[in-house]
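Following: one structure in structure tokens, then a few remarks.
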Amino acid sequence: MTSFSEILKNATWGDHESAEDESYLKELMSGRLSEQDYGELVAQHYFAYLALDGAAKTLVDHPVAGRFVFPELYREPALERDLRTVYGAGWRDRIAPSKATRTLVARIEQVADWPGGYIAHHYTRYMGDLSGGQFIRMELQKIYGYQKGGGVDFYLFDEVGSLPRFKNEYRARLDALPFGEREQQRMIGEVKLAYQLNTEVLGELFHVIKAAA
Ligand code: HEM
2 MTSFSEILKN
12 ATWGDHESAE
22 DESYLKELMS
32 GRLSEQDYGE
42 LVAQHYFAYL
52 ALDGAAKTLV
62 DHPVAGRFVF
72 PELYREPALE
82 RDLRTVYGAG
92 WRDRIAPSKA
102 TRTLVARIEQ
112 VADWPGGYIA
122 HHYTRYMGDL
132 SGGQFIRMEL
142 QKIYGYQKGG
152 GVDFYLFDEV
162 GSLPRFKNEY
172 RARLDALPFG
182 EREQQRMIGE
192 VKLAYQLNTE
202 VLGELFHVIK
212 AAA
């Protein structure tokens with residue numbers, strides 16, 4: 002029998018391809034963006050992860066969602082170091098959530114009391130950061146010369162240990178979710194929406210940097 006983690010990945014891989022193909026990421030990976038343009042992405046991540054990790058902190062004791070609370074993943078300190086590196090000490094005054102980020106944050110907050118909803122957004126971000134995110138980090142290090150300590154710390158998960166082992170454990174927890182088929186389908190729908198909202202954040206960034214160019 003196919004496991005839920007496989008069903009979920011297969012059902013949403015097309016959405017992954019749309020996210021991966023987003024023009025902003027293509028420009029970023031090809032080294033055509035300034036550090037300030039890269040900072041726009043870091044800033045949007047900052048607001049999204051305040052919401053996601055903020056939701057996690059309220060769910061620690063939840064019998065289902067609590068299995069997907071991992072303090073070793075929390076991104077706020079790493080994102081603050083990255084923003085300070087890119088924008089300097091005054092970084093807080095330089096950043097604001099975009100319209101697409103505000104929509105994503107509102108959705109994360111809206112579904113935080115539904116375990117499948119919280120897990121959907123957590124999975125879409127963190128499994129991505131632990132997978133393709135590692136490739137993105139290596140490229141960004143080559144392009145901008147960032148070292149550990151600020152710049153791309155967002156993609157560094159030193160406290161997690163072996164990433165493949167962690168991802169296997171994560172998939173085992175997905176497989177152990179006490180969800181019937183209906184609830185599984187509902188969560189798959191939310192992962193698709195999470196991909197879409199994250200892709201819209203990237204799409205909006207592309208327009209912002211093109212308009213400024
Ligand atoms: C340059 C862009 C990207 C590349 C090259 C990339 C690449 C990959 C690769 C190779 C995997 C498979 C890893 C494995 O099976 O262990 C993966 C998994 C994943 N990625 Fe991406 N990715 C990118 C962008 C994104 C974005 C923007 C998101 C979300 C907004 C995302 C979310 C995910 C998720 C959730 C998984 C886990 C799928 C699963 O195993 O269930 N990725 N990515």
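Numbering (this note's numbering), first residue to last: 2 to 214.
Positions of the beta carbon are idealized from the N, C-alpha and C atoms, including for glycine.
8 angstroms contact criterion, which residue i and residue j should meet: CB distance rounded
i    : j    : result
L105 : E77  : Wrong, their Cβ atoms sit about 16 angstroms apart, outside the cutoff.
Q185 : F48  : Rounded, the Cβ-Cβ distance is 30 angstroms, inconsistent with contact.
P179 : V65  : 7 angstroms
L131 : K168 : 6 angstroms
T125 : N199 : 6 angstroms
Within 8 angstroms, strictly: CB atoms of residue i and residue j
i    : j    : result
A121 : A195 : yes
Y156 : E36  : no
Y75  : D62  : no
V70  : A57  : yes
Y119 : L60  : yes
R82  : D38  : no
V202 : E41  : no
T13  : K193 : yes
V161 : E18  : no
V112 : L84  : no
Beta bridge counterpart(s) of residue i as assigned by DSSP
i    : result
Q185 : Beta-bridge pairing links Q185 to no other residue.
Q111 : None, per the DSSP bridge assignment.
G151 : Q148
Cβ-based burial, residue i [other Cβ within 10 Å; buried from 16]
i    : result
P116 : buried
A107 : exposed
H123 : buried
R138 : buried
F207 : buried
M188 : buried
D16  : buried
A20  : buried
F158 : buried
Q45  : buried
Span separating the alpha-carbon of residue i from that of residue j
i    : j    : result
D68  : D114 : The amino acid occupying residue 68 in the given sequence is Arg; Asp does not appear at that position. If I take the Cα positions, the gap works out to 14 angstroms.
E140 : T102 : 24 angstroms
K149 : T86  : 11 angstroms
E191 : Y25  : 23 angstroms
G204 : E23  : 7 angstroms
D176 : I8   : 10 angstroms
A97  : G133 : 26 angstroms
G152 : Y88  : 10 angstroms
K27  : W92  : 25 angstroms
E170 : A213 : 43 angstroms
K211 : G32  : 15 angstroms
Q142 : S163 : 20 angstroms
Q197 : L29  : 19 angstroms
R183 : Q135 : 33 angstroms
E110 : Y147 : 33 angstroms
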